[in-house]
Each structure stands twice: as structure tokens, then as C-alpha cells.
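Sequences listed follow chains Y, D and E, in order.
All residue numbers for the first sequence refer to the numbering used here, where the first residue is 1 and numbers rise by one.
All residue numbers for the second sequence refer to the numbering used here, where the first residue is 1001 and numbers rise by one.
All residue numbers for the third sequence refer to the numbering used here, where the first residue is 2001 and numbers rise by one.
We treat Cβ as the ideally placed atom computed from N, Cα and C, and that holds for glycine.
Keep in mind it's a predicted model, so treat the numbers as computed, not measured.
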Amino acid sequence: MNQWIAIGMLGVVGVALPIGMMVASALIRPRVPEQGKTATYESGEVPTGTARIQFNIQYYMVALLFLVFDIETVLIFPWTVIYRSALAEGVSLSKALVPMLVFIGVLVVGLVWAWRNGAVSWVTSPRALRRKTERQQ
Amino acid sequence: MIIEALIAVTFVAALVVFVAPDEVAGRLAAALSVLPVLGSLYMWSSYDAAGNALTGGSVAFETMVPWLELGGYTLHWHVGVDGISMPLVVMTTILTSLAIFSAWTPIDDRQSQFYGLFLFMEANLLGVFMALDFFVWFIFWEAVLVPMYFLIGIWGGPRRKYAAIKFFVYTNIASLVMFIGFAALVFGLGDSVSSFDLPAISRALRGGELGSLYGVSAETLKAVAFVAMFLGFAVKVPIVPFHTWLPDAHVEAPTPASVVLAGVLLKMGTYALLRFNFTMMPDQATAFAVPIAAVAVLSVIYGAILALAQQDLKRIVAYSSVSSMGYVILGLIAYNTYGVGGATFQMIAHGLISGLMFMGVGVIYNTTHTRMVGDMSGMADRMPVTTGIFVAGAFGYMGLPLMAGFAGEFFIFKGAFASTVHASMPLFTAASMFGIVIVAGYLLFAMQRTLFGPFRLDTDYEVTTAALHETVPMFVLLLCIIALGVDPGLFFRMIQDAVNPLVGGGLP
Amino acid sequence: MQLPSWAALGPALVLALTALVLLGLDSIDPDSTHSSALAGISALGALSALGLAGWYLLAGTGQASTGGPILLYGDALVVDGMSLFFSVIFASVAAMVIVASYDYLKGRTYQAEFYSLVMLAATGMTLMASSNSLASVFVSLELASLPSYALVAFLKRNEGSVEAGLKYFLIGAVSSAVFAFGISLVYAVTGSLLLSDVASGLVDAGDFVGVAGVGVLLIAGGFAFKTASVPFHFWAPEAYEGAPAPISAFLSSASKAAGFAVAFRVFVEAFPIASVVPMGIDWPLLFAVLAVVTMTLGNFAAATQENVKRMLAYSSIGHAGYALIGLAALSQGGPNGQVMGASMAHLLVYGFMNTGAFLFIALVEHWEVGRTFEDYNGLATKAPVACTAMTVFMFSLAGLPPFGGFLSKYALFYSAVQGGFWWLAAVGAINSALSLFYYSRVVKAMWIEEPSTPFELESKPVGLYVAVMFAAVGTLLLLPGFGPVVETAQTAATALFA
């Protein structure tokens, strides 16, 4: 018996199972065509205009900041797991703790900069504000 | 250290003049250009070398320090002078200084840049004649082109852009060809040299240590390298099929630049031919004797005939330069003491005389604003001093005895007739002598029409006597020409001393 | 006193720290711009990095004389002669660019961000030269690239700049993906990302030679992007033309050198010629073809341009072709250290002359004279000193003898001849001779042509002048001073092959 046969079977089953399920449900479910079902959003929201509109830049800022801190956790998590055992094994603080502090420190510098430059003013757009004050003058 | 000081002072002078205000630049440049003259005269007076620098003779004022190491070859800062380069150095400084004086009148725009470039060119010319390492030499050699390109391109005549670019492209391509030829030769020498030191390379090549390179046999390599280098230098000289840049460059160049172009830049080509082709590869030189002698004679005759056909005084002098340089080549290929020595002497003589002629044409142009033979006559009436010096210079050109031109041509003919490199040499020599007749013809004809007879001028300019700073440089040049004509030994003794080791033997 | 081993990364650390300090300063007072302080701090940072790198290089840090390369962080980074040599290039180019930017940025917003992005990109480049593992290669390459995208699009009200930034970003993203895919293939075959382990793993590649070959090809593609070589060169003319001129200088000199730094190390260390070429992965041949095509295409395209900045962009592609000789003229048992060292030395000289040329363009843009050759007509009558400097750059780029470019090109072509690749040297020499045509057009326009319309130059910006003159003096001094440069480079490169 070639061991590849098992893998091949896995592939076949993996493809056949979902297709089979969809076919089976298509065969046995009742069909009630109705206008509401063809709408884009079944919640009833009617879309207007095209999708190619300009989004507020703040969405982008949120996404960026989220990404930065999301990925940061990928590094911090394993670090926390091994930190205690590393210390127990006699790794010095300068090797176990300081690099992480430096890492977070760099991120903090970036966050502070972004904060000060208005990237986390979610509600008010600094530029809109500036425009408003300019108009008033 | 005197050589470094000489070059450095000239460079610094160039820099100072370049940033000086336009109003004082001319006077400042003239004053500063006296320093190199004094330096070179001091060198001449305390010159004590014997023999040829490239064949193991002693070298005066020599410095040799390692500069950099490149792939197994050491490059040196190696400078020094011997009997061949010393006279050229003296001539370069004197001619440049006088040309700067004569530039005061015609150059009326962007003066500081003009004089700065002029001194920059002088520094590089001095470097060319004094360098004894190939790379140092090549860098100076190419660096001469840059200021000349600007001198022609900015201050030249109506077609200056075309002339400048033609000059630049022609000579740069020639340099590349020459560079590749020489590099192939050095690599062919293999382990027997480990530097680009010219004396070392010369000794190795004369010692027959050339090996094969990439399967090309030593003989073929030598022949190909000889031809490549000959072509490269021939453009600079120029020898007839490669001469077409010269009249354009001369006619368009401002007169002071023409003076240095004819007086010194052309000599770079013959100097390099002598140093490289004729010193390092005498066998190849004599093997190619017939074609080289043929192009030499062709240059003499063709240049002279073209000069005969010109109406523009400057073009006449330019083409006659082609003719004169043909004699130099003829002297070189004769390959005996009088031939090669005479050729070297003729370089100096022609440098001084053609400088004088171009200055004369320049003075006439400055006052009349035309150079056409037909546009004027009887200039002797209005500018007797200039005319007198100009006529004297022209006689020098024709080879009047007791002038430098006579001595140079006489040595060359004497050497060429006695030459043993090929049986046909006397024939070539006889043929080239027709050149003298033609030169005398066109110079006398042109002078008779422009300088003598009743005064007439077709342009609306007031003709007055030339300023003192225009006539004095011409007069100084005339004195030099006569001095060298009366006693050629002034230079010929050291030239002969440096040439003898090359051609193997003393005077016959 | 013995410095701790992490101090060997000093140049990179100083650059990164400077970037953080700049961000910190901007956080304190985001609404006002202190140009002098910002430029001063950045210049100080770049110069300290330059000083550190130069000092280490002279002291022999990481070289055979002091115990060989210093490996750091699980061998992911290495400090040796080569990484320090390239650090010197990056730091000096960064210093010139920063000093020039002081005038260029006058009256613009986001200056702190500009300087800190420059510093971050320089950090990335320095790390690229030190990378000893494909992972750190990729990360540092991205660290150098991402700030560059933003910097190219820095003039965000200028359509050309934004378009250039987007094009640069898109092609950069594609080539990053190609590069990462190549790394993953090589990793699949060898089971390691460390360059030395990759080399030993490749020996046992067995049936997977094909996969490894594709991996090497894709990695080469990634480097072609960074060095602006064919076939990933399209972005270069657009990006260099649209970007602020100091950034064009930075990208075309430092960024290109960084690409070469990492390519040199990766190909020599991870894919040694002795074991890889007999397997059929003949990467020197690949680079030989790329070198010929790149230099020829760059030169011919440059000759047809009407816009000076664009001409310089194509000439920069041509120079990438020359530098590629350092990867192409290699063979088993050949004088490989000489070839690669000559290429490194050329990149250093190129760093000065090309940066200077682009900074001169920045000066002209500052004067708002125009961009085409005709617009440069008669410039020398108004600004002779700057035009003299530009003349030096042009003739040096063309390889005319009295300047640094002559010796570096000669060393490069000669070493290729020495390695038996005389045809590569011949193509290079012919291209170099042709290049004189378009370089001298600039010179001719500045000095010889008359201005078509009379113009006045209202100011003489000090910073730009200082940077341009610094580059010009450097280009000149690299002629007499070329000896130590090429010696250091060839020693460093030879150590890499040992």
C-alpha cells in the first residue's frame, strides 16, 4: 500500500463532502423565490450610488494602528510565556527584559507621534477643524 | 619637488583667477603666469640630467612615490624631465604666459573663467610633458582636452559649438584607442613589469620581454598595439587623414587658444609618438617606415596645398601647421640623431613660430575684424611694428637661416637623407622638400596681398597701431626664435643627449 | 578598552536613534516646524554614523586583522569589512542629502517626518549590508523600501510625485513578493535561512536542484528591483523624475548600493560558485547577461532624453549595469575578490558623483529654472561655481580621466579582464565612451549655449551649495585618494570569498 493513497483519499473526500452536501440540500430544500432575497443586503438596507466613493482617511488610520498593535502581540505573547522560565534558568534581565522594553519603547515613540499628530482623534478630523477655523477667520 | 611646486602653483593660480572678478582677471592671470615661467627657467638653468629618461638615463628633478595598487600593478606619482621634455616645458610656460597677455584685447566676456581655464590647461600640459608614469601621464593628457573644449566652445567664432564638439569627440576617441593599445601591451608583458612606470615598461619592451596575450602572439600584439597607439596620437598631431578637426578648431578658437593649440597641444601628439611608439617599439617603427614616411610626406604636401587654397589667414596658418608637423614625423621615422633630434627641435621651433603667426593674425583681426585675404591690403601703412614682426615670423616659417625654423628643418632633412631605416628614405625626403617651396609661395602671396600695397579695408573699423600688450609678446617670441636660430645648441645639445641612447649611437 | 560586540552595529543604531529622536521632537510640538534644528540633528546623526563606520573600518573591526567577522543575534547579522564599507557610502550620501534638503524643504510641512524617513531608510540600508540570513535580508530590505515609497510621494500636491510613488510602490510590492517566494523556495530545499547553512544545505539538494534554481532566479529578481537593473528597472525613471530631487539622489546612490551590498553577500555566501555552478545554477552567467542588457539599455535610453533628471535616471540604470560586473565576472578560482571589490569601490565613487548630480538638479529645481536641456542653457553665466561642480560630476560619470570616475571604472573593467571576462569589459568600455555624448550635452548647455530667455537666480541656498560642493570635492579627491578605497574594498570582498 502506497501511503500516498491515504493522502489522495483525504483530498477526494475533502472535495466531495462539501459538494455532496450542497447538492443534497439543493435537491431537497423547498424553493420560494421572493424579491427580498435578491437584494444586496437581506437586512433590507437599499444600497445607493457606486462603491467607488472616498472613505474618510480616519478609517485607514484605525486600520493601520490596529495592524501595528495586532502584530506586536505576536511577539509579546511567546515572550511572556518563556519569560519566567528564562529567568529561572539564569538568563540576565538585560537579555530577557531590556530588548522587549526597547521594542515597546520604539512602538510608544511611534504611538505618541501618531497621537500628537491627530491620528487617534477618531471623531474629529483635524483638517476639517482647521478648515473650519480658517473659514471663520 | 620643483616639479610638484610648478604644477601646484599653476593649479592654484588657475583656481584664484577662476573666482576673481572679471575686471582684474586678465592682469592677475598674466602676473601669476610669470611664476611658472620663472620656475621652468630655473629648472632649465639647473638641469643636470644625462641620457634618455625611458632608457635608463638619469632624470632631473625626479620624484617617484607609490600612489595606488590596482590588481597587481602599482601606480606611481612619477615625474621628472630629461633632454626631450625640458625644452618643451620651457616653451609651454613661455608661450602660455605670452598668450595670456595677447588675450587682453580679444577676450571681453567671462574673463575670469577664460583665464582660469587657460592656466588650468597650462598646468595639465606641464604634467603631460613631465609625467613618467602612464596613468599620471594619461590623466594630464585627457585633462588638457576639457579646458580646450570650453575655450573653443565659449569664446570661439560663429561655428564654435560644432568645432568644440568635433575636437572633443575626435581626440577622446583617439585617446580610447591609444589607451587600449597601450594597456594590451602592458598586460602582454606579464610578470616582467608590475607597474605602469614608463621607464620600466620601456626597458622591458626594448628588452623583448613581450609575451603572448589571449593567444595573440607577441609580434602580432606589438604590431596591433603600435598601430592603435599611432592612430591615437596621429589624431592629436594631426597626420593627414585625421586632420579634419584641426582647421575647424583653429578657425573657431579664440586667438590665444589657437596659439596654445598650435604651439603646445599639437606637440603633445608628436611628443607621445616619440615617447611611446618610437622609444618603446623601435623595431615596429622601422618595420612601418614606408607607410609612416608616406603619411608624413602626404601631410607636408597636402597641408601645404590646402594652405595655398585658403583665403582666411588663420586657416592658412592652421593648414601650414599640418604641413610642419609632417616634417616632425619625417624626422622621427628617420630614426637617427639628427632626424629624431631635429624633430624634437622642430617641435619647439614650430611652437614658437606658429604661436607668433597666430598672434599676428589675431592682432590684425582685432583691429580689422576680418581675416580674409581679399578684404584688406596695405596694413603695413597703419601697423608697421606688427607687420614687421609678422613678416619676420613668416620668414622663420619659411626656414630662413638664423631662425629656429631653419635649424629644425635642416636637422630633419640631414637626418632623413642619411637615414638607414629604409632605402627609399632619400626619395621621401626629396619629395617633402617641395613643401618648403609651397610654404614660401603661399606665405609670400598672402602677405603681399594683405600687408603691402596701398591701404584698403572693406570693414568699417578704425585701424590703429596695436597696443603694447599685443606687440610685445610677439616681439619676445621673435627674440626666442632668433636666439634658437643663432644657437640651436641652446636646446639641441640636451635633445641630442637624450636622443642618442634611443637611436643607438652618436652623431655620424 | 574593548567595546561590547553589539556596538559593532553602531552606525545602524545611531541612524535609528536619530530617526526616533526626530519623531520625538515632532511629538512635542507637532504644529510648528523647526527646520534648522531638525536638519541639524539629522545631519549630526548621519555624520556620527559616518564617523563610527569610518573609525571601525580603519580600526579593522570585523576584519581578518581583529579576528574576523562579528556575528550577532544568532548569526542573523554580521559586521565585517564589507558591511562597514557600505555603511560609509550610505551615511555619506545621507549626510549630503540631508544638508541639501534643508533648503529644498523650505516652507514645506512634515519636515520632521521627511528627515526621520530618510534616517529610517538609511538604517534599513545599513542593516541590509549586515544581513547574514535571508530573513534579516527581507526585513531590512522592507525597512529600506517602505520609507522610500513615502519619500518619493512626499510632494503630495504634485501629481508627478504621487504617481511616481504609487508606481514605485506597486513594482516594489510585486518584487517583494517575488523575492519572498524565492526565499521560501530556497528554504524549502535547504531547510535554513542562514546564508552559510543555505550553502551547506544546497550541496545535498539532490532532486530539488530545479526548485533551488527557481528560488535563486526569483531572489535575483528581487535584487534587480532594488538596484534598478533590467528587468525590474521600469520604476526608476518614473520614481527618480517624480521624486523630490534630494530623494532621487538618495535612492539612485544609496538605495542602489544597498541592493548591491545585499546581493553580493547573499550570492557569494549562500550560493557559492564552487558548489552551485556545477549543479547547473549558473548565476554569474545570469548576471553577465543582465549587466550587458542593463548598461546598454540604460545608456541608449539616456541618450534620447530631453529632460535632464530623466537622463540622469537612465544613466543611473546604466551604472547599475557597470556595477553588476561585480557579480558577473566571477568564476571558480578567478580573482573574484578583486572584481567585487572594484565594483564596491565604483559604487562609492558613484555615490559621490551621482548624489552630487541629483543635488545640482535639486538646486536648479529650487531656482525653478526648468527641467529640459534647453532650460539649462547659459546657466553657467549665472552660477559658475555650481556649474563647475556639475561639470565635474558629468565628466566623472562619463569616466573622463581627471576625476574619480575614471579610476573606478578602469579598476572595474580591468578586474573583469583579469577574470577572463574581457568581452564584458569591452561592452562596458564602449558604453562608457557612448555615455560621454549625453553627459556632455548637459555641460554644453550650461556653458556654451546662450540662454533662450534671460533669467535671474534670486538666491544662493547655502545648504544645497555646501552639499554640492562637498560631493564635487569628494569626486575630485577620490582620484588621488582612490588607492585606500579600492584596497579596503578589495580586502573586504576577498574576505567574503575566503
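Alpha carbon to alpha carbon, what distance is there between residue j and residue i?
i	j	result
alanine 2188 of chain E	isoleucine 2171 of chain E	26 Å
leucine 1246 of chain D	arginine 1206 of chain D	34 Å
threonine 1074 of chain D	proline 2480 of chain E	14 Å
methionine 1494 of chain D	isoleucine 1292 of chain D	26 Å
alanine 2144 of chain E	lysine 2226 of chain E	10 Å
proline 2461 of chain E	phenylalanine 2090 of chain E	24 Å
leucine 1132 of chain D	alanine 1050 of chain D	16 Å
glycine 1506 of chain D	methionine 1281 of chain D	Residue confidence is low: glycine 1506 of chain D scores 45 on pLDDT, short of 50, so the model does not pin down where it sits. Its coordinate-derived value is still stated next. Answer to the nearest angstrom: the Cα atoms are 20 Å apart.
threonine 1171 of chain D	leucine 1088 of chain D	21 Å
valine 2137 of chain E	threonine 2491 of chain E	23 Å
leucine 1479 of chain D	glutamate 2450 of chain E	41 Å
alanine 2302 of chain E	arginine 2310 of chain E	7 Å
glycine 1116 of chain D	serine 1324 of chain D	30 Å
valine 1251 of chain D	phenylalanine 1167 of chain D	12 Å
alanine 2205 of chain E	alanine 2495 of chain E	26 Å
Can you tell which of the options has its C-alpha closest to the C-alpha of residue i?
i	options	result
aspartate 1082 of chain D	D:Met1130, D:Arg1371, D:Ile1152	D:Met1130
asparagine 2354 of chain E	E:Tyr2168, E:Ser2315, E:Leu2071	E:Ser2315
serine 2131 of chain E	E:Gly2067, E:Gly2165, E:Ser2196	E:Ser2196
leucine 2052 of chain E	E:Leu2084, E:Lys2167, E:Arg2310	E:Leu2084
serine 2248 of chain E	E:Val2427, E:Ile2317, E:Ser2136, E:Val2339	E:Ile2317
phenylalanine 1011 of chain D	D:Glu1122, D:Tyr1214, D:Thr1450	D:Glu1122
proline 2069 of chain E	E:Ile2098, E:Ala2037, E:Ser2005, E:Met2125	E:Ser2005
leucine 1332 of chain D	D:Val1237, D:Ile1107, D:Pro1401, D:Ala1253	D:Val1237
glutamate 2238 of chain E	E:Ser2161, E:Ser2065, E:Ala2173, E:Leu2359	E:Ser2161
aspartate 2075 of chain E	E:Ala2357, E:Ala2135, E:Pro2272, E:Ser2275	E:Ala2135
methionine 2279 of chain E	E:Phe2208, E:Val2268, E:Gly2242, E:Glu2241	E:Phe2208
valine 1340 of chain D	D:Ala1272, D:Gly1157, D:Asp1375	D:Ala1272
leucine 2077 of chain E	E:Leu2193, E:Leu2020, E:Asn2158, E:Glu2487	E:Leu2193
Going by DSSP, name the residue or residues bridged to residue i.
i	result
valine 1079 of chain D	D:Thr1063, D:Ala1131
tyrosine 1335 of chain D	Tyrosine 1335 of chain D is not bridged to any residue.
glutamate 1069 of chain D	D:Thr1074
asparagine 2299 of chain E	DSSP, once it has assigned bridges, lists no residue as partnering asparagine 2299 of chain E.
valine 1216 of chain D	D:Leu1213
valine 2079 of chain E	E:Ile2070
arginine 2310 of chain E	Looking at the DSSP assignment, arginine 2310 of chain E forms no beta bridge with any residue, so it has no partner.
leucine 1457 of chain D	D:Met1376
Assuming residue i is part of the alpha helix (DSSP H), what are its boundary residues?
i	result
valine 32 of chain Y	Valine 32 of chain Y -> no alpha helix (DSSP H), and no H or E assigned at all.
isoleucine 1007 of chain D	1002 to 1019
leucine 75 of chain Y	57 to 88
leucine 2347 of chain E	2336 to 2367
asparagine 1172 of chain D	1160 to 1188
aspartate 1248 of chain D	1245 to 1252
serine 2435 of chain E	2422 to 2447
isoleucine 1107 of chain D	Per DSSP, isoleucine 1107 of chain D belongs to no alpha helix (DSSP H) and is neither H nor E.
Could you please give the first and the last residue of the uninterrupted beta strand (DSSP E) stretch that includes residue i?
i	result
leucine 2071 of chain E	2070 to 2072
When you compare the CB of residue i with every CB in chain B, is at least one pair closer than 9 Å?
i	result
tyrosine 2410 of chain E	Of the protein chains in this structure, namely Y, D and E, none is chain B.
Review point. Should the segment 1052 to 1064 of chain D be regarded as contacting the segment 107 to 118 of chain Y, the criterion being three or more beta carbon pairs within less than 8 Å?
Key: In short, these stretches do not touch, since the Cβ pair count stays below three.
Check your understanding: How do the segment 2350 to 2369 of chain E and the segment 2328 to 2342 of chain E stand: do at least 3 beta-carbon pairs fall below 8 Å, yes or no?
Key -> Judged by Cβ distances under 8 Å, the segment 2350 to 2369 of chain E makes no contact with the segment 2328 to 2342 of chain E, as fewer than three pairs qualify.
**Study point:** the segment 2031 to 2048 of chain E in contact with the segment 2001 to 2016 of chain E per 3-pair CB rule at 8 Å
**Key:** Three or more pairs of CB atoms, one per stretch, sit closer than 8 Å, so the segment 2031 to 2048 of chain E contacts the segment 2001 to 2016 of chain E.
Review point. Taking one C-beta from the segment 1452 to 1468 of chain D and one from the segment 1352 to 1367 of chain D each time, how about it: are there three or more such pairs within less than 8 Å?
Key: With the cut-off at 8 Å, the segment 1452 to 1468 of chain D and the segment 1352 to 1367 of chain D touch.
Review point. Any contact of the segment 2175 to 2190 of chain E with the segment 2246 to 2253 of chain E, i.e. 3+ C-beta pairs under 8 Å?
Key: Look at the beta carbons and you see the segment 2175 to 2190 of chain E not touching the segment 2246 to 2253 of chain E: under three pairs across the two are nearer than 8 Å.
Check your understanding: Is the number of C-beta pairs between the segment 1102 to 1109 of chain D and the segment 1256 to 1266 of chain D that are closer than 8 Å three or more?
Key -> Using a C-beta cut-off of 8 Å, the segment 1102 to 1109 of chain D makes contact with the segment 1256 to 1266 of chain D, since at least three inter-stretch Cβ pairs fall below that distance.
Check your understanding: Hey, is the segment 2227 to 2239 of chain E in contact with the segment 2286 to 2297 of chain E, meaning 3+ C-beta pairs nearer than 8 Å?
Key -> Short answer: they touch.
Check your understanding: Is the number of C-beta pairs between the segment 2400 to 2415 of chain E and the segment 1140 to 1148 of chain D that are closer than 8 Å three or more?
Key -> Yes: at least three Cβ pairs fall under 8 Å.
Check your understanding: Do the segment 2462 to 2471 of chain E and the segment 2098 to 2107 of chain E make contact, defined as three or more Cβ pairs closer than 8 Å?
Key -> In this structure the segment 2462 to 2471 of chain E lies against the segment 2098 to 2107 of chain E, because at least three pairs of beta carbons, one per stretch, are closer than 8 Å.
Exercise for review: Evaluate the contact criterion for the segment 2437 to 2449 of chain E versus the segment 2208 to 2226 of chain E: three or more CB pairs, one atom per stretch, below 8 Å.
Suggested key: Segments in contact, no.
Practice item. May I ask you to verify whether the segment 2101 to 2118 of chain E touches the segment 2017 to 2035 of chain E, counting CB pairs closer than 8 Å and requiring at least 3? Key: With the cut-off at 8 Å, the segment 2101 to 2118 of chain E and the segment 2017 to 2035 of chain E touch.
Check your understanding: Using 8 Å as the threshold, is the segment 1476 to 1490 of chain D in touch with the segment 1379 to 1387 of chain D, meaning 3 or more CB pairs across them?
Key -> Verdict: no, contact absent.
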